[in-house]
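Take the position in the sequence shown, starting the count at 1, then add 118; the result is the number in this note's numbering. Note that CB positions come from ideal geometry on N, CA and C, so glycine has one too. Everything numeric in this text was worked out from a predicted model, so none of it was measured. Take a look at the structure below.
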Amino acid sequence: MQPFHYSRASSIPQALEIQATTGQARSRPGAAYLAGGTTLIDLMKLEVMRPQNVIDLRALSATHGAIGWDGTNLHLGAFASMAAVADHGDVVEHFPVIAQSLSLAASAQLRNMATLGGNVLQKTRCAYFRDPSWQACNRRTPGSGCAAIEGLNRQHAVLGTNDHCIASYPGDFAQALIALDATVTLSGPEGERRMPFAALHRQPQDRPDIETNLAPGEIITAFTVPAGPWTRRSLYLKVRDRQSYEFAVASAAVALEMNGRVVNEARIALGGVATVPWRARDAESVLRGHTLDEARANRAAQAAFNGAVPRSHNAFKIALGQSTLVRALLDAASLEVSHG
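Now the structure itself:
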């Protein structure tokens with residue numbers, strides 16, 4: 119680990135002031151924000167990230183860590199812990215897909231430490247990215263190439279890839295947010311702004327090292343999730359190599375509004391198979407207005423992987439992702455949901 123300067127911020131303005139004094143390139147930060155630290159510290163130890171200044175934001179949990187439900191929207195402070203949100207009664211009752219996506223992530227110890235904001239910004243688990251001895255990684259060194267394309271790529275993405283990067287997005291919570299049309303609140307040098315959560319992450323394009331549309335220095339402070347007739351009939355299904363403390367090989371966040379067996383509205387996101395949190399809008403279109411049976415679920419699952427590009431070791435992810443989505447859809451349709 120490289121030497122760095124450590125600072126603590128007790129407010130957003132103080133954090134921004136400290137960050138501004140360090141200087142910040144968009145893709146290679148001179149300063150890095152620390153919340154739970156469950157990802158940043160690992161990457162610093164590996165020397166994948168070498169910030170000159172680490173700004174500790176944990177004190178902001180007091181002002182930006184609340185969980186609120188007003189009957190119309192779920193309000194989540196970005197500094198709330200994953201564990202607190204997963205166990206919150208209103209989240210479990212009204213937004214089960216969110217509670218499940220958080221409770222199935224990481225270990226209990228990590229969920230107690232990790233914050234929501236840090237979770238959605240976590241870096242890929244691509245072994246080539248996380249090992250600096252591999253020189254060909256466009257996320258770490260722009261223009262150097264992508265070793266995973268011709269290397270071991272079992273865990274890599276089949277959706278949203280290009281010749282610059284095939285690393286998969288590792289998170290779970292983000293799939294629930296993108297499926298439910300959440301918005302994210304940001305604070306930065308230019309003030310506060312909101313954006314659709316779907317606009318937060320960037321597909322690799324020609325600069326895989328620029329992973330989000332955050333402006334330099336911006337801090338995620340909150341998420342807002344609108345309720346709908348589909349949010350109670352929702353679930354998160356995660357397929358992984360072992361039962362706990364493992365990232366998804368394939369996952370599906372599903373929310374349905376049903377009229378009997380007919381789908382009025384469908385919200386679907388896929389995890390483990392794409393370079394970013396992935397909204398499966400083609401699959402949603404296949405379902406709307408139709409009876410949901412196994413045949414229709416299979417048609418939707420096939421549509422969800424339109425344009426998928428398999429590589430030498432991850433072609434199985436298409437069939438696995440499709441079967442995961444079919445199971446999630448049928449399980450969601452069979453849920454007994456109270457409307458009280």
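Buried or exposed for Q66, please, with buried defined as at least 16 other CB atoms from any protein chain shown within 10 angstroms of its CB. No answer is possible for residue 66: the residues shown for the chain start at 119 and end at 458.
Give every residue of the same chain whose Cβ lies closer than 8 Å to the Cβ of L164, excluding the five residues on either side of it in the sequence, and list them in chain order. In the sequence shown, residue 164 corresponds to position 46, counting from 1. So the qualifying residues of the chain are R248, D249, P250.
Determine, using beta carbons only, whether P326 and R257 come nearer to each other than 9 Å. Start at 1 with the first residue of the sequence shown, and residue 326 comes out as number 208. Start at 1 with the first residue of the sequence shown, and residue 257 comes out as number 139. In contact: P326 and R257 (Cβ atoms closer than 9 Å).
Would the beta-carbon of S362 fall within 9 Å of that of G389? Stepping through the sequence shown from its first residue, residue 362 is reached at position 244. Stepping through the sequence shown from its first residue, residue 389 is reached at position 271. No, these two residues do not count as a Cβ contact at 9 Å.
Please state if the CB of L448 and the CB of E402 are separated by a distance shorter than 9 Å. In the sequence shown, counting from the first residue as 1, residue 402 sits at position 284. In the sequence shown, counting from the first residue as 1, residue 448 sits at position 330. Result no, Cβ atoms of E402 and L448 do not sit closer than 9 Å.
Cβ neighbours of D359 in the same chain (closer than 7 Å, five flanking residues each side left out): To locate residue 359, count along the sequence shown from 1; it is residue 241. The answer, listed in chain order, is V367.
Look at G300 and V215 and say whether their C-beta atoms are less than 9 Å apart. Residue 300 sits at position 182 when you count from the first residue of the sequence shown. Residue 215 sits at position 97 when you count from the first residue of the sequence shown. The amino acid at residue 300 is misidentified as Gly; the sequence shows Ala. Cβ atoms of A300 and V215: not closer than 9 Å.
Contact check, A196 vs A297, beta carbons under 9 Å: Position 78 of the sequence shown holds residue 196. Position 179 of the sequence shown holds residue 297. Contact flag unset, no.
Touch test, the region 314-328 against the region 422-442, Cβ-Cβ under 8 Å, three pairs minimum: By the C-beta criterion, the region 314-328 is judged not to be in contact with the region 422-442, since fewer than 3 inter-stretch pairs fall below 8 Å.
Simplified DSSP state of H123, which is helix, strand or coil: Mapped onto the sequence shown, residue 123 falls at position 5. Strand at H123.
When you compare only the Cα positions, how much space is there between V203 and Y354? The residue labelled residue 203 in the question sits at position 85 within the sequence shown. The residue labelled residue 354 in the question sits at position 236 within the sequence shown. Taking the straight line joining both Cα atoms gives about 15 Å.
L152 and L175 - do their beta-carbons sit closer together than 9 Å? Start at 1 with the first residue of the sequence shown, and residue 175 comes out as number 57. Start at 1 with the first residue of the sequence shown, and residue 152 comes out as number 34. A contact, by the Cβ cut-off of 9 Å.
Determine the DSSP secondary structure at I338, reduced to helix, strand or coil. Translated into positions along the sequence shown, residue 338 becomes position 220. Correct three-state label for I338: strand.
In angstroms with no decimal places, state the Cα-to-Cα distance between I338 and W187. For this step, residue 338 is matched to residue 220 along the sequence shown. For this step, residue 187 is matched to residue 69 along the sequence shown. So the two alpha carbons sit approximately 19 Å from each other.
From what residue to what residue does the alpha helix (DSSP H) around A226 run? As a working mapping, residue 226 is identified with position 108 in the sequence shown. Start and end: 226-231.
By DSSP's criteria, A371 is part of a beta bridge. Which residues make up the other side? Start at 1 with the first residue of the sequence shown, and residue 371 comes out as number 253. DSSP, once it has assigned bridges, lists Y354, A387 as partnering A371.
Return the bridge partner residues of V302 from the DSSP annotation. The residue labelled residue 302 in the question sits at position 184 within the sequence shown. Secondary-structure assignment with DSSP links V302 through a beta bridge to M313, F341.
Simplified DSSP state of N107, which is helix, strand or coil: For the chain, the structure presents residues 119 to 458; residue 107 sits outside this window and is missing.
Can you look up T409 in the DSSP assignment and give me helix, strand or coil? To locate residue 409, count along the sequence shown from 1; it is residue 291. Three-state DSSP puts T409 in a strand.
How many Å lie between S225 and A450 at the Cα? Translated into positions along the sequence shown, residue 225 becomes position 107. Translated into positions along the sequence shown, residue 450 becomes position 332. Answer to the nearest angstrom: the Cα atoms are 25 Å apart.
Going by DSSP, what residue range makes up the alpha helix (DSSP H) through H182? As a working note, residue 182 is residue 64 in the sequence shown. From DSSP, the alpha helix (DSSP H) with H182 extends over 179-182.
When every heavy atom of the ligand ZN is checked, does at least one fall within less than 8 Å of the C-beta of T330? Within the structure as shown, the ligand ZN is missing, as the structure has no ligands at all.
Quick check: what's the CA-CA separation for L410 versus A150? Against the sequence shown, residue 410 aligns to sequence position 292. Against the sequence shown, residue 150 aligns to sequence position 32. Near 47 Å, if we compare the C-alpha coordinates of A150 and L410.
Measuring alpha carbon to alpha carbon, tell me which of F423, V172, V238 ends up nearest E329. Position 211 of the sequence shown, counted from the start, is the residue given in the question as residue 329. Among F423, V172, V238, the Cα nearest to that of E329 is on V238.
Please list the segments of the beta strand (DSSP E) lying wholly inside the region 163-214, counting only runs of 3 or more residues, in order along the chain. Segments of the beta strand (DSSP E) lying fully in the region 163-214: 171-174, 185-187, 191-195.
Since H193 and T342 are thought to touch, with beta carbons under 8 Å apart, how far apart are those beta carbons, to the nearest angstrom? Along the sequence shown, read from residue 1 onward, the residue named residue 193 stands at position 75. Along the sequence shown, read from residue 1 onward, the residue named residue 342 stands at position 224. Contact between H193 and T342 holds, since their C-beta atoms are separated by about 6 Å, short of 8 Å.
Could you tell me the distance, in whole angstroms, from the CA atom of A421 to the CA atom of D400? Here the question's residue 421 lines up with position 303 in the sequence shown. Here the question's residue 400 lines up with position 282 in the sequence shown. About 6 Å.
6 Å Cβ shell around M231 - same chain, five flanking residues per side excluded: Reading the sequence shown from its first residue, position 113 is the one you call residue 231. Closer than 6 Å at the Cβ level, and outside the excluded window around M231, lie G154, T156.
Locate the alpha helix (DSSP H) running through L447, then write down its first and last residues. By one-based count along the sequence shown, residue 447 stands at place 329. Looking at the DSSP string, the run of the alpha helix (DSSP H) that includes L447 is 434-451.
Going by alpha carbons, who is nearest to A201 out of N191, Q218, F213? Working through the sequence shown from its first residue, we reach residue 201 at position 83. Of the candidates N191, Q218, F213, the one whose C-alpha sits nearest the C-alpha of A201 is Q218.
So, with DSSP's three-state summary, where would you put L239? Locating residue 239 in the sequence shown gives position 121, where the first residue counts as 1. Coil, per DSSP.
Between the C-alpha atoms of N377 and A384, what's the straight-line distance to the nearest angstrom? By one-based count along the sequence shown, residue 377 stands at place 259. By one-based count along the sequence shown, residue 384 stands at place 266. If you take the alpha carbons of N377 and A384, they lie about 12 Å apart.
Supposed close pair S262, A275 - CB separation, criterion 8 Å: Within the sequence shown, residue 262 is the residue found at index 144, counting from 1. Within the sequence shown, residue 275 is the residue found at index 157, counting from 1. About 19 Å separates the two Cβ atoms, so there is no contact after all.
For the alpha helix (DSSP H) containing L134, list its first residue and its last residue. Indexing the sequence shown from 1 puts residue 134 at position 16. Its alpha helix (DSSP H) spans residues 130-140.
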